[in-house]
Amino acid sequence: MDVTETQIIAALLEFFDRQDTTDEDFDRLALLIFAYQFENNQPYRRFAAARGRTPLAVRGWRDIPAVPIDAFKDLTLSCRPTEEIEHVFMTSGTTRGGQRGRSYHPTLAVYDRSMILNFRQRFMQGLERIRMGILFPDEQAMPNSSLAHYLALARRECGTPDSEGFIDEAGLATARLLAALERAEARDEPYALLGASFSFVHLLDELQRRGRHFALPPGSRILDTGGFKGQSRELAADEFYDALSAALGVPRDRCINMYGMTELGTQFYDWGNETCPPVKSGPHWIRSRVVNPLTGQDVPAGETGVLVHHDLAHFNSVSAILTEDAGVVVPGGFRLLGRVDGADSKGCSVAVEEFLKAARG
Amino acid sequence: MTEFAGHLPGLSAGEVEWKTLHFSAWGEAAEIRVPVLSEAQGTALAGRVRDNARAYLKTLRIAEITAIIDQAIARLLDRNDPWRQKAERLLPIVTGYDPEMVRLGLTGYLKTFRQPQLKRFLAEDFADPQILDDFQTRPKGGFAKAFGPDLLLHVWAGNVPGLPLWSLISGLLVKAGSIGKVATAEPLLAGWFARILAEIDPRLGECLAVVWWKGGDEAGERVWLAQADAIVAYGGNDALKAIRDRAPVTARYLPHGHKFGFGMVARAALDTRKAGALARQAAYDVMRYDQQGCYSPQMLFVERGGRVSPREFSAYVAHELASFARKHPRRALSIEEAAGVASWRGAQELRSLGGDCDLLGDPADDWSIVHVEDAQALAPSGLNRTLSIVAVDRLDDVVSLIAPFRSFLQSVGIAAEPDDLFRLAGLLGQVGVTRICALGSMTAPEAGWHNDGRFNLLDLVTMTEIEHAAEAAADGFAPYVD
Numbered sequence: 001m002d003v004t005e006t007q008i009i010a011a012l013l014e015f016f017d018r019q020d021t022t023d024e025d026f027d028r029l030a031l032l033i034f035a036y037q038f039e040n041n042q043p044y045r046r047f048a049a050a051r052g053r054t055p056l057a058v059r060g061w062r063d064i065p066a067v068p069i070d071a072f073k074d075l076t077l078s079c080r081p082t083e084e085i086e087h088v089f090m091t092s093g094t095t096r097g098g099q100r101g102r103s104y105h106p107t108l109a110v111y112d113r114s115m116i117l118n119f120r121q122r123f124m125q126g127l128e129r130i131r132m133g134i135l136f137p138d139e140q141a142m143p144n145s146s147l148a149h150y151l152a153l154a155r156r157e158c159g160t161p162d163s164e165g166f167i168d169e170a171g172l173a174t175a176r177l178l179a180a181l182e183r184a185e186a187r188d189e190p191y192a193l194l195g196a197s198f199s200f201v202h203l204l205d206e207l208q209r210r211g212r213h214f215a216l217p218p219g220s221r222i223l224d225t226g227g228f229k230g231q232s233r234e235l236a237a238d239e240f241y242d243a244l245s246a247a248l249g250v251p252r253d254r255c256i257n258m259y260g261m262t263e264l265g266t267q268f269y270d271w272g273n274e275t276c277p278p279v280k281s282g283p284h285w286i287r288s289r290v291v292n293p294l295t296g297q298d299v300p301a302g303e304t305g306v307l308v309h310h311d312l313a314h315f316n317s318v319s320a321i322l323t324e325d326a327g328v329v330v331p332g333g334f335r336l337l338g339r340v341d342g343a344d345s346k347g348c349s350v351a352v353e354e355f356l357k358a359a360r361g
Numbered sequence: 001m002t003e004f005a006g007h008l009p010g011l012s013a014g015e016v017e018w019k020t021l022h023f024s025a026w027g028e029a030a031e032i033r034v035p036v037l038s039e040a041q042g043t044a045l046a047g048r049v050r051d052n053a054r055a056y057l058k059t060l061r062i063a064e065i066t067a068i069i070d071q072a073i074a075r076l077l078d079r080n081d082p083w084r085q086k087a088e089r090l091l092p093i094v095t096g097y098d099p100e101m102v103r104l105g106l107t108g109y110l111k112t113f114r115q116p117q118l119k120r121f122l123a124e125d126f127a128d129p130q131i132l133d134d135f136q137t138r139p140k141g142g143f144a145k146a147f148g149p150d151l152l153l154h155v156w157a158g159n160v161p162g163l164p165l166w167s168l169i170s171g172l173l174v175k176a177g178s179i180g181k182v183a184t185a186e187p188l189l190a191g192w193f194a195r196i197l198a199e200i201d202p203r204l205g206e207c208l209a210v211v212w213w214k215g216g217d218e219a220g221e222r223v224w225l226a227q228a229d230a231i232v233a234y235g236g237n238d239a240l241k242a243i244r245d246r247a248p249v250t251a252r253y254l255p256h257g258h259k260f261g262f263g264m265v266a267r268a269a270l271d272t273r274k275a276g277a278l279a280r281q282a283a284y285d286v287m288r289y290d291q292q293g294c295y296s297p298q299m300l301f302v303e304r305g306g307r308v309s310p311r312e313f314s315a316y317v318a319h320e321l322a323s324f325a326r327k328h329p330r331r332a333l334s335i336e337e338a339a340g341v342a343s344w345r346g347a348q349e350l351r352s353l354g355g356d357c358d359l360l361g362d363p364a365d366d367w368s369i370v371h372v373e374d375a376q377a378l379a380p381s382g383l384n385r386t387l388s389i390v391a392v393d394r395l396d397d398v399v400s401l402i403a404p405f406r407s408f409l410q411s412v413g414i415a416a417e418p419d420d421l422f423r424l425a426g427l428l429g430q431v432g433v434t435r436i437c438a439l440g441s442m443t444a445p446e447a448g449w450h451n452d453g454r455f456n457l458l459d460l461v462t463m464t465e466i467e468h469a470a471e472a473a474a475d476g477f478a479p480y481v482d
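From first to last, the protein sequence lines are chains A and B. Following the UniProt record's numbering, the numbering of the first sequence begins with 1 at its first residue and continues without gaps. Following the UniProt record's numbering, the numbering of the second sequence begins with 1 at its first residue and continues without gaps.
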């Protein structure tokens, strides 16, 4: 029985809206989507078959083989022929010699629905709309950035009409941003700043240079994502949230970090960064495991391993990915412990990271 | 088990702050205390080492120095000596390497520093090593004497036990006062060696110190860098650059970056009688210290046309790595290291779906080989016993594959007939290879090896020359002048 893309999309949208799903429901849909991907995504089919994981052999979502995240750079992972696909999100290409990972979306209906449901619950927390300041380029400037799309969606669906973006060709539009923060401070309604973590560092540096700080009204909130990526100085998490909180008057428990990837259609959030690293979790259509990267087996609860995410919303590509992020499973989700890139070789052999860096010059 | 690392002449343990590093492996744990000196203590220690070296080490003759080093090495080679026993007990816990591998590795390595071998070190760099003791006649006329720096700073990296001895002993041979910074991953052996020297000759023990600071601690590092006349540093390019940027411009800087080794097997070596032994030697080089050394091979180029095909040879090496895994199991990997191996395996697995390579070994094994039939450029393996074996039509083709990576090249293990060996050596040297050895000895460079193609001793010294005219003129002032 072949399942069609239309059926998958319908099943997903219905699944997102349900609040009473069980483990069995997740497994059933995961297996259906795996069968669809196995049938239609040839490189993934070969990968899974080489590991003896065919739809017949797989009994639950944990058995569905996860592709290493690097595979999105080397292989075309799409169930629909890519020439028919309008929406392609690409990674920023800061690693692996600028090769960019690609994620193909035949429709954004699933991505958008996944994003909005989750964003409303985890960031809006009951607010219908909030005035937003966006510290990231818009979709016109970065048409292949999933984050630009994500933020545009947040603004369109949950922002007030006078929400603004503050990154343009010249970088951070400081004067305009300070004016907006002043207005927000003066009014008695909450304000939200959203953007790349490194953009916040640039803002912090700018405020420090000017000796400015703000006390945004109660209910104001911050969403940062994506880490520093060499685009700003690196800060330890505690230092970063302390500085944000001090500079903008937003308590750390209202500073929410979103953890997402181009190679996923769903995001993870924490409930604020009062203590770091906080517990992160996603909605009921994404599940995570923590594995030994060598064997792919789950590590015992409480032990550190590498995160594997199984995201039903990433239906057209591959739902199961092996990340390069270290994590540990805790009640209610997982703690993200940072990237493991194999660069921490202790010997004097040259390791891949250093080699690539030098090869790029 | 608690052990204090370092060697701090003139400072008592109570005066110094200690940081505890925790290690565990093979079911045992060890706490290693490493010294954290204040700026004032660092400055005073450097001054003391410099003064003592001037007052004592510089007055010793080379023969006396080599005799003392020989005695210290003899103690580390003596399995009944308490220092040796301590090394055999603690180093496997600290580095995680298989205890038997550590024991064999230490013996093999330390042997290169016995007195006859030290003479080879000297002879490699100096036509007449006595030039370190007295003014010697020069072919151009006049006389010259070689002087080592007063204060030589060593910044060591890595977890292969004992590697610091190479530069520490080089420093002693040129009569330099030495301060060495041990790596967090193996903070012990250099300090023990210094303390053994101090037991044998307490005054010599005052001419060197072994310290620690946290990698990347700029302030801590600056104290030492500011004092040094010469700096020998090991590490990744980022770390080396950071040191270069902070070192005084007048200090001589001798950096040793991370390197990349590989092997080459000619078709002449690939008959059924020789290939098995050769595969074992190649596997041995991969197994030793889990490819952590700069000399460790990460790739093997195998020539087509022999009685044993490259693909068969890959199977031989896989078999040997599997048996080494039983005899000398791989050390427990950190999550970063495991991810490095997994990421390399993952990339090979994806390539293998395209059909241009085969992955040998199970993910849970202590080793992995990828066999590649199409020539490919040099690329690092995932380390920790992961190896690419690449088939080539002619070994000469390898030269163009490695030429772009000159700055990473160092050791190449070659199995080929003499004519090929010399022809290939010429081609490899031209693109930057500095050491050619037999397979099976890639991780054991011979005594007097020119590390990274440079001179261990000659790079450290300056020459003071007495020109012929000065000598002739002096004659005029002699009491015996007519």
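From the three backbone atoms N, C-alpha and C, an ideal C-beta is built for every residue, glycine too. The structure presented is a predicted model; accordingly, all values stated were derived computationally and were not measured.
- Helix, strand or coil at SER319 of chain A according to DSSP, with G and I counted as helix: Note: SER319 of chain A maps to coil in three-state DSSP.
- Task: Decide if the stretch 232 to 244 of chain A is in contact with the stretch 260 to 268 of chain A; the criterion is three or more beta carbon pairs, one per stretch, under 8 Å apart.
- Result: no
- Query: Around the C-beta of LEU56 of chain A, are 16 or more other C-beta atoms found within 10 angstroms, so that it is buried, or is it exposed?
  - Reply: exposed
- State yes or no: is the C-beta of ARG131 of chain A within less than 9 Å of the C-beta of GLU189 of chain A? yes
- Query: How is the beta strand (DSSP E) around PRO35 of chain B delimited, first residue to last?
  - Reply: 28 to 36
- Have a look at MET358 of chain B and GLU100 of chain B and give me their C-alpha separation to the nearest angstrom. At residue 358 of chain B the sequence reads Asp, which differs from the Met that was named. Computed Cα separation, rounded: 32 Å.
- Item | Unbroken beta strand (DSSP E) run spanning residue 538 of chain B, endpoints | Outside the displayed range of chain B (1 to 482) lies residue 538 of chain B, so it cannot be described from this structure.
- Assuming ILE389 of chain B and VAL317 of chain B form a contact by the criterion Cβ under 8 Å, report the distance between their Cβ atoms to the nearest whole angstrom. Correct: roughly 7 Å between the Cβ atoms.
- With ALA415 of chain B and LEU278 of chain B assumed to form a contact (beta carbons below 8 Å), what rounded beta-carbon distance in angstroms separates them? 5 Å
- Nearest-angstrom Cβ-Cβ length linking SER114 of chain A and TRP285 of chain A, presumed shorter than 8 Å: 7 Å between Cβ atoms; contact.
- Mind checking TYR36 of chain A: buried by the 16 CB within 10 Å criterion, or exposed? buried
- Query: Applying the criterion that 16 or more other CB atoms from any shown protein chain within 10 Å of the CB defines a buried residue, is PRO404 of chain B buried or exposed?
  - Reply: exposed
- Message: With a threshold of 8 Å on Cβ separation, who are the neighbours of HIS213 of chain A within its own chain once the five nearest residues in sequence on each side are excluded?
- Response: LEU207, ALA246, ALA247, LEU248, GLY249
- Task: Specify the secondary structure class of THR20 of chain B as computed by DSSP and reduced to three states.
- Result: In the three-state DSSP reduction, THR20 of chain B falls in the strand class (E or B).
- Query: Cα-Cα, which of A:LEU127, A:ALA48, A:ALA66, A:SER317 is closest to GLY219 of chain A?
  - Reply: A:LEU127
- Task: Under 8 Å Cβ to Cβ from GLY305 of chain A, same chain only, skipping five residues before and after it: list those, please.
- Result: VAL290, VAL291, ASN292, PRO293, ASP298, VAL299, ALA326, GLY327, VAL328
- Query: So, are the CB atoms of ALA230 of chain B and LEU163 of chain B less than 9 Å apart?
  - Reply: no
- Query: chain D partners of GLN291 of chain B, CB-CB under 8 Å?
  - Reply: In the displayed structure, chain D is absent; the protein chains listed are A and B.
- Message: Just to make sure I have the definition right: I need the residues of chain A whose C-beta is within less than 8 Å of the C-beta of PRO380 of chain B. Which are they?
- Response: SER349, VAL350, ALA351, VAL352, PHE355
- Query: Taking any Cβ of chain A, which residues in the stretch 317 to 347 of chain B have a Cβ under 8 Å from it, in chain order?
  - Reply: LEU333, SER334, ILE335, GLU336, GLU337, ALA338, ALA339, GLY340, VAL341, ALA342, SER343, TRP344, ARG345, GLY346, ALA347
- Item | Under 9 Å between C-beta atoms of ALA192 of chain A and ARG221 of chain A | yes
- Item | Extent of the continuous alpha helix (DSSP H) run through HIS314 of chain A | Per DSSP, HIS314 of chain A belongs to no alpha helix (DSSP H) and is neither H nor E.
- What residues in its chain sit with their C-beta under 8 Å from that of GLU337 of chain B, if we drop five residues either side in the sequence? LEU383, ASN384
- Message: Along the chain, where does the beta strand (DSSP E) containing PHE126 of chain B start, and where does it finish?
- Response: Boundaries for PHE126 of chain B: no beta strand (DSSP E) harbours it, and the DSSP string shows neither H nor E there.
- Message: Tell me which residues share the same chain as ALA74 of chain B and place their Cβ nearer than 8 Å to its Cβ, disregarding the 5 neighbours each side in the sequence.
- Response: ARG114
- Query: Alpha carbon to alpha carbon, what distance is there between ALA40 of chain B and ALA194 of chain B?
  - Reply: 22 Å
- Query: Just the Cα atoms here: how many angstroms apart are LYS259 of chain B and VAL49 of chain B?
  - Reply: 32 Å
- Query: According to a CB-to-CB cut-off of less than 7 Å, which residues of the stretch 35 to 67 of chain A neighbour chain B?
  - Reply: PRO43, ARG46, PHE47, ALA50
- Report the neighbours of PRO363 of chain B on chain A: residues whose CB is nearer than 8 Å to its CB, in chain order. LEU294, THR295, GLY296
- Message: Distance check for ILE134 of chain A and ARG183 of chain A, CA to CA, integer angstroms please.
- Response: Distance between the alpha carbons of ARG183 of chain A and ILE134 of chain A is about 15 Å.
- Message: Can you confirm whether LYS241 of chain B, when its beta carbon is compared against all beta carbons of chain A, has any partner nearer than 9 Å?
- Response: no
- Message: Please report whether the beta-carbon of LEU75 of chain A lies at a distance below 9 Å from any beta-carbon of chain B.
- Response: Closer than 9 Å to some Cβ of chain B, the Cβ of LEU75 of chain A qualifies, so yes.
- Under the three-state DSSP convention, the category GLY105 of chain B falls into: helix
- Query: chain A partners of LEU350 of chain B, CB-CB under 9 Å?
  - Reply: Correct list: PRO43, PHE47, VAL67, PRO68, ASP70, ALA71, ASP74, LEU75.
- Query: Closest Cβ-Cβ distance between ASN237 of chain B and chain A: below 9 Å?
  - Reply: yes
- Query: Quick one: what's got a C-beta closer than 8 Å to GLY205 of chain B's C-beta in the same chain, skipping five residues either side?
  - Reply: The residues are HIS7, PRO9, ALA194, ARG195, LEU197, ALA198, GLU199.
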